[in-house]
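Protein chains in written order, with the numbering used here: chain H, 1 to 327; chain A, 328 to 654; chain W, 655 to 981; chain L, 982 to 1308.
4 protein chains.
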Amino acid sequence: MSKKKNYTLGVLTSGGDAPGMNACVRAIARTAFGESINIVGVMNGYEGLINGEFKRWKNARDVGGILRRGGTVLQAQRSERFREKNGQREAIRNMNEEGIDGLITIGGDGTLNGAHAIAKQGVKVVGIPASIDNDIWGTDMAIGVDTALNTITESVDKLRDTASSHTRAFLVETMGRNNGYLAVQAGIACGAEIVLCPEFPTTVENVAEIIEDAYRRGKNHAIIIVAEGATIRSTELAEQLDALDIGFKTRVTILGHIQRGGSPTAFDRLLAARLGIRAVQVLLEGQSDVMVGLRGRDITLAPLKDVVSNTRPVNLEFYNMVRNLAQ
Amino acid sequence: MSKKKNYTLGVLTSGGDAPGMNACVRAIARTAFGESINIVGVMNGYEGLINGEFKRWKNARDVGGILRRGGTVLQAQRSERFREKNGQREAIRNMNEEGIDGLITIGGDGTLNGAHAIAKQGVKVVGIPASIDNDIWGTDMAIGVDTALNTITESVDKLRDTASSHTRAFLVETMGRNNGYLAVQAGIACGAEIVLCPEFPTTVENVAEIIEDAYRRGKNHAIIIVAEGATIRSTELAEQLDALDIGFKTRVTILGHIQRGGSPTAFDRLLAARLGIRAVQVLLEGQSDVMVGLRGRDITLAPLKDVVSNTRPVNLEFYNMVRNLAQ
Amino acid sequence: MSKKKNYTLGVLTSGGDAPGMNACVRAIARTAFGESINIVGVMNGYEGLINGEFKRWKNARDVGGILRRGGTVLQAQRSERFREKNGQREAIRNMNEEGIDGLITIGGDGTLNGAHAIAKQGVKVVGIPASIDNDIWGTDMAIGVDTALNTITESVDKLRDTASSHTRAFLVETMGRNNGYLAVQAGIACGAEIVLCPEFPTTVENVAEIIEDAYRRGKNHAIIIVAEGATIRSTELAEQLDALDIGFKTRVTILGHIQRGGSPTAFDRLLAARLGIRAVQVLLEGQSDVMVGLRGRDITLAPLKDVVSNTRPVNLEFYNMVRNLAQ
Amino acid sequence: MSKKKNYTLGVLTSGGDAPGMNACVRAIARTAFGESINIVGVMNGYEGLINGEFKRWKNARDVGGILRRGGTVLQAQRSERFREKNGQREAIRNMNEEGIDGLITIGGDGTLNGAHAIAKQGVKVVGIPASIDNDIWGTDMAIGVDTALNTITESVDKLRDTASSHTRAFLVETMGRNNGYLAVQAGIACGAEIVLCPEFPTTVENVAEIIEDAYRRGKNHAIIIVAEGATIRSTELAEQLDALDIGFKTRVTILGHIQRGGSPTAFDRLLAARLGIRAVQVLLEGQSDVMVGLRGRDITLAPLKDVVSNTRPVNLEFYNMVRNLAQ
């Protein structure tokens, strides 16, 4: 393809980081070298685009050893300036100066919004979903979700050891912003008694009843997963449960940013590789303003317009599964 | 449903075990209790069916605490006797005596073959795919595959630490019998230089060339994944590579049954739960001689006849991905 | 030794549980079988002693498979009743009825206090230190400390991935009650910027200064370990730091009881085995009212009287090491 | 101390790498900066000393982020040339040119031998023991041993899952060269049936007898640890056991260099920090030709002359513990 002659590809990570971002950057860079095109890493997300923080990779070795690293070697920042037209203009000017013909942006909602904004101004851009929250429409799984789920699962497994020695109830606060996906899936994987998430509000009394019931049925422990977006925070809920007499003593664990870190799982590395490779191809095919995503077993495309205007619902079936399996 | 009145469900695990079997057994048992039907665990797979080794679970607590355990609490055995009509007859007689109305069998190829054999004789039976080899037709993923992949990935990550300190080539032998799935996916996840698997034979000379080339391109380590079904065993390959002068010293790791163990990943627990729940429903709906499986995001059904007469091919696209990303 | 004829040994775990308790129980039981004496597990700690909850193990298989399990199969409870003479009398009566000649108690401060109390009343008893807090005088390490330290270390490693992508400061709250051991050692192992612990109080201003200084020196992250016994709680500290302008955004992780769980490390299993074996020998030698402990490489004895009346100081040298290495 | 004015310290890692080497290098560099002396990293061990591969670190940030990394950022090689007087002379000349006043060498037997050789020629040098084999005289533990032990333990835990489902005997080959330390300690930590190590030779018939006995006592699995230095290799032993009829089918796992990798445990990081800090102090105090080591809780010194002329025996008491606990 003569079209690829001297083609220069840019890549950035933006927003909250997610395990597998580096695996994705590596796949993109190596696909670029395989296609004999130029590849430029943009540091610090859109902020770096505005500041012209570019890093030209010379060969495949430049992205060696990052496959298994958590975080992102390109650094990920949120950029206030990029929300403004002025910031976007400055970024586009820098891209042109650097000779970047196409841009791949890896990140969550905000990142894809930014991608859509400059695509509308003529920049060739493809988005890749990466966010442990799995709140992005247009893909079954975002990069990082599987790793975060396993981190939560392993942590709760440890709680269970001590839970069953002491007749205790553990409240575990998980990430996910306004989305309960992570909490619900973790609830199934960990055998939680109940999950509190923004999509399906419940009362403290209902939680208390479920825990008391578990106690009466002979359970010697109870795990309660509380999504950060739930109507009540974990520490508050613990206090209120302690005030009622539920048979178990409550203890709180706030996993926090531990969920964002760690070496990516095999699933996240494979997903990152497939999405990264496809994103390069899509740009070289001349497409833009789309996101690559996983649907079933296939890598598919979704218009960024749709991605940023829809929200990914949490599955009621999975929510109910938690309760049914916790008997 | 009056139909469910006094319904008794049996469940067994058979063949090689896989992480997540216990999570599946738990989901089946708890779904059964939720549906108010009886549930019987059959010990030692088909062998136990022949011997009448039944364990009647009284309540949900009887399968408590097993969600995260590797192996199988029901024990899994291969049964020579069950391959014969005589053994099958004896098994069916025992099921009738115990009053088992429907049977769920969890395992790999052999297990599903056995299920099909007795289904043809009128037993109501549903199969669930569980095998780290992922060689079962009719499902994207079998229970245990994701855990095994992560076990391999974590092991190879450790090799890489020491590999890059010493200019060494590591040969890692993975399981998978006649199927290269595990080896190929691990190859992508681990950043292997090359994968040897039964589906795509290669020569020692070709392997040597690839490794030498990596050395010349400045790589200070090389990972070679060798599927157990490859035309050459890892120890033999190492000897032959050492005989040639490839720039790296070779070292062999045989992971062996480590790949079958370990606490199941979140993915395997979720898959096990979904397949287990669906299998109970399918039996209660009156269906038989089918396997529940994952296709895309959905739990689907496949006739056991098709499952046992087809083989799951390894994806050439993934095989090539290993080489392209290893540059 | 004719003396051992018909000797019956009791063992209990009490207080907060610690990883390795099961490994210790297993070593005690198997040593007992090796010495051909009887062995009785007491359920639920001192509470079970008062209630007569005894479990007579018949052979070595009865403690099979527990070596690697977190928590304690004997369950561990705190007993209010056992603090009273009445409760102790009842317990001693039950021991006599059950024919228990000697008792091994595994646990922390409270457990050893209880052991000393009944030893003074003539019961033959040997204590084994097990507490993740490592606050027990008379041993270098208690069972469970090494596992807890590794759990903290692995968690903070994950934080660091995301910390360095975002210029963030992470506050990690660790257990340890009134003892800063766990926090200080974790601080060295994790490369924390500073550790807040009860033994060496500091001000919020001082913490802020240290973090700001790290920022000025070009650090893109900071880890702050806060012992639960520190003068300020992690959530409160985060709020106060956010109020000041320290260059980093702060985020809080509360590990909670995760630190008590998990499969014991090799160190904890080895320590548990050595202490368990020695405790049986010490009882059979006719000694009582002592604790077995690790000093240097040796298993030594300390009078329970001294154990319960002394506290284990935190090492200032280690505290300073955190700061010196964090430069 | 005016003596420290313009003092330049060199540090290298050599031989087989061990987890914790980087943590040690970091502690040395940061202590050097704290003492306001110059610090030079020597790449590729003694080979780099001969070639003059020096890396002058400018500030503490230059060793940032390596605390938790396996392997060694300084690379570790074995050097044939350094065994010769010529090579040593060349190395010393380079050190003088670079202005290196004192050298810290981190590694195993060969490394310490090399250190002693140049110390005798007037170079100020202090050795630090790092070797997963724990075969170095003069220290209770070398850097890396604890991590390797945990890697083995976690691997065998996974085998046990599947072992108990299938009545199998697993042979696990561990590293350790001519020393059985790792194998014996792993045997206790993993609950192995028997350990084969160079120090206590046994016959295949004896192994078979022990395994058969386990089978008769009702065990449904057996773990056999085989040190690489044992009189028989694991694959050979498996064949011979299969030829006899021992009740279990045998399967082999060769962990290989996995044991050398991985993120260091808390213990190894703490040990590395303490040894590194002390080594700098010892050099600044004017001492040379010694190794810093751990004895009990203390960091002590041993003359390199003694270190290289003595061997560390394996403890018979621990060897017997394996058998006693495996009942």
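In this text, a Cβ means the ideal position worked out from N, Cα and C, and glycines have one as well.
### Task
Go ahead and label Ala214 (chain H) buried or exposed: buried means 16 or more other beta carbons lie within 10 angstroms of its beta carbon, across all protein chains shown.
buried
### Message
For Lys873 (chain W), count the other beta carbons within 10 Å of its own beta carbon; 16 or more makes it buried, fewer makes it exposed. Which is it?
### Response
buried
### Beta-carbon proximity list for Pro201 (chain H), same chain, < 6 Å, skipping 5 on both sides
Thr231
### Message
Given this structure, state the Cα-to-Cα distance separating Asp389 (chain A) from Asn324 (chain H), to the nearest angstrom.
### Response
15 Å
### Task
Use the C-beta contact count for Thr530 (chain A): other C-beta atoms within 10 angstroms, 16 or more gives buried, fewer gives exposed.
Thr530 (chain A) counts as exposed, since fewer than 16 other C-beta atoms from the protein chains shown sit within 10 angstroms of its C-beta.
### Query
Where does Lys5 (chain H) sit, in a helix, a strand or coil, going by DSSP?
coil
### Query
Can you tell me whether Asn1187 (chain L) is buried or exposed, with buried defined as 16 or more other CB within 10 angstroms of its CB?
exposed
### Task
Would you give the residue range spanned by the beta strand (DSSP E) that Leu628 (chain A) belongs to?
Asp625 to Pro630
### Closer than 9 Å to chain W by CB, Asp242 (chain H)
no
### Message
With a threshold of 9 Å between beta carbons, is Met1 (chain H) in contact with chain A?
### Response
Note that Met1 (chain H) scores a pLDDT of 43, beneath 50, so its modelled location is shaky and nothing firm can be said.
### Query
To the nearest angstrom, how far is it from the Cα of Arg1197 (chain L) to the Cα of Ala1307 (chain L)?
Distance between the alpha carbons of Arg1197 (chain L) and Ala1307 (chain L) is about 14 Å.
### Message
Give me the residue from A:Ile626, A:Ala403, A:Gly379 and A:Asp572 with the minimum Cα distance to Thr466 (chain A).
### Response
When only C-alpha atoms are compared, the closest one is A:Ile626.
### Query
Which one of L:Ala999, L:Lys985, L:Asp1223 and L:Arg1214 has the shortest CA to CA distance from Asn1115 (chain L)?
L:Ala999
### Task
Report the rounded CA-to-CA distance for Ala273 (chain H) versus Asp488 (chain A), giving the unit in angstroms.
22 Å
### Query
Thr801 (chain W) by DSSP, collapsed to three states: which one?
helix
### Query
Alpha carbon to alpha carbon, what distance is there between Met1122 (chain L) and Arg1064 (chain L)?
26 Å
### Query
At what residues does the alpha helix (DSSP H) containing Glu701 (chain W) begin and finish?
Per DSSP, Glu701 (chain W) is one residue of the alpha helix (DSSP H) stretching across Gly699 to Asn705.
#### Entry: Within chain L, partners of Val295 (chain A) - CB distance below 8 Å
Residue coverage of chain A in this structure runs from 328 to 654, which leaves residue 295 (chain A) outside it and unanswerable.
### Task
Using the Cα positions of His1202 (chain L) and Ala238 (chain H), report the straight-line distance between them to the nearest angstrom.
44 Å
### Task
List the residues of chain A whose Cβ lies closer than 7 Å to the Cβ of Ala189 (chain H), in chain order.
Neighbours of Ala189 (chain H) on chain A, chain order: Ala593, Arg596 and Leu597.
### Query
Going along the chain, which residues of its own chain have a beta-carbon closer than 8 Å to the beta-carbon of Asn832 (chain W), five neighbours each way excluded?
Asp789, Pro852 and Gly883
### Query
In chain order, which alpha helix (DSSP H) runs of at least 4 residues are fully inside the stretch 885-910 of chain W?
888-897
### Query
chain L partners of Leu803 (chain W), CB-CB under 7 Å?
Ala1247
### Query
Should the stretch 589-600 of chain A be regarded as contacting the stretch 561-580 of chain A, the criterion being three or more beta carbon pairs within less than 8 Å?
no
### Query
Short check: CB of Ala496 (chain A) to CB of Glu520 (chain A), under 9 Å?
With respect to the 9 Å criterion, Ala496 (chain A) and Glu520 (chain A) are classified as neighbours on the basis of their beta carbons.
### Message
I'd like to know whether the C-beta atoms of Ile879 (chain W) and Val826 (chain W) end up nearer to each other than 9 Å.
### Response
yes
### Query
Do the stretch 1076-1094 of chain L and the stretch 1235-1246 of chain L meet, that is, are 3 or more Cβ pairs less than 8 Å apart?
no
### Beta-carbon neighbours of Gln54 (chain H), restricted to chain A and to distances below 8 Å
According to the sequence shown, residue 54 (chain H) is Phe rather than Gln. Simply none; closest approach about 22 Å.
### Task
State the DSSP-derived secondary structure class of Val665 (chain W), mapped to helix, strand or coil.
The answer is strand: DSSP assigns Val665 (chain W) an E or B state.
### Query
Roughly how many angstroms separate the alpha carbons of Met328 (chain A) and Gly429 (chain A), rounded to a whole number?
With a pLDDT of only 43 at Met328 (chain A), under 50, the local geometry of the prediction cannot be trusted, and the value read off the model is given with reservation. Whole-angstrom Cα-Cα distance: 16 Å.
### Task
Sort out for me which residues DSSP pairs Glu1037 (chain L) with in a bridge.
One point to set straight first is that residue 1037 (chain L) is Arg, not Glu, in the sequence displayed. DSSP lists L:Val1021 as partners of Arg1037 (chain L).
### Query
With which residues is Ile790 (chain W) paired in a DSSP beta bridge?
Per DSSP, none; premise fails for Ile790 (chain W).
#### Entry: Length of the line joining the Cα atoms of Thr965 (chain W) and Ile797 (chain W)
17 Å
### Message
Is Met675 (chain W) close to chain L? Criterion is C-beta to C-beta, closer than 9 Å.
### Response
Taking 9 Å as the threshold, the shortest C-beta distance from Met675 (chain W) to chain L does not fall below it.
#### Entry: Short-range partners of chain W found in the stretch 1197-1215 of chain L, where Cβ spacing is below 8 Å
Arg1198, Gly1199 and Lys1200
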